[in-house]
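Numbering (this note's numbering), first residue to last: 18 to 96.
All C-beta atoms, glycine included, are put in the ideal place defined by N, C-alpha and C.
Just so it is clear, the structure is predicted and the values come from calculations on it, not from any experiment.
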Amino acid sequence: LKRLGVQQLVFAGVTTEVCVQTTMREANDRGYECLLAEDATESYFPEFKAAALAMIRAQGAIVGWTATTDQVLKGIADA
């Protein structure tokens, strides 16, 4: 990805609090800007998803940002 000049990543998938969040943290640690399409991810437990989203957004989006898929698609179209 670095060789291709990719700097920003959009995430979706399951489970929010394990696979998705861990991958986002790893990508963030490697210098990527991370965005989670929050309605394109899920958990077995709604409270776990809510906690994971809060952690991702914490401290001024230290791990990354979240947005709806509509917002993500609009941002891509407007870029």
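Item                                                                                                             : Value
Go to Phe62, then tell me how far its alpha helix (DSSP H) extends in each direction, as first and last residue. : No alpha helix (DSSP H) holds Phe62; DSSP gives it neither H nor E.
If Gln24 and Glu50 are in contact, beta carbons under 8 Å, what's the gap, nearest whole angstrom?               : 6 Å
Helix, strand or coil for Ala29, going by three-state DSSP, please let me know.                                  : strand
Output yes or no for whether 9 Å exceeds the beta carbon distance between Ala69 and Glu34.                       : yes
Distance, Cα to Cα, Ala78 vs Ala84?                                                                              : 12 Å
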